[in-house]
Amino acid sequence: MIELRKITFDNFNECISLRVEEYQQNGYGKEAIVRAIELIKTFPHGDASKIVIVYGEENKIAKKLYTSLGFIENGERDEDGDILAEYIL
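Note that the numbering used here gives residue 659 to position 15 of the sequence shown, counting from 1, and the numbers run on in steps of one.
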């Protein structure tokens with residue numbers, strides 16, 4: 645099941661995660677990210693200059709997906725050592 649939920653600062657990590665294998669590799673995650681980018685570009689919560697995502701260095705599939713959508717690694721890591729990538733609006 646894929647569920648749409650309101651994304652807040654408290655739950656964003658759980659909302660933007662597609663970890664059920666039977667739903668992976670079907671384009672659902674890519675479509676969700678494209679739609680999220682389109683929504684964010686309308687600035688529903690005020691001005692924004694970029695979108696930042698995080699993924700593990702070993703997650704080559706995530707890197708390929710985010711790169712194909714225009715995200716660029718910014719050279720930074722989060723507190724767990726995961727890679728940060730940005731999409732400039």
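C-beta atoms are modelled at their ideal positions from N, C-alpha and C, and glycine is treated no differently.
Check: Cutoff 8 Å; reference glutamate 701; Cβ partners in own chain excluding five residues on either side; Outcome: Gly725, Asp726, Ile727
Check: CA-to-CA distance, glutamine 668 to glutamate 723, given in whole angstroms; Outcome: 26 Å
Check: From Ile684, Glu682, Arg679, Tyr731, residue whose alpha carbon lies closest to that of lysine 707; Outcome: Tyr731
Check: Close Cβ partners of lysine 685 (< 7 Å) along its chain, the five nearest in sequence each way excluded; Outcome: Leu733
Check: Three-way DSSP call (helix, strand, coil) for asparagine 730 in this model; Outcome: As written in the sequence, residue 730 is glutamate, which differs from the asparagine given in the question. Glutamate 730 falls in the strand class under three-state DSSP.
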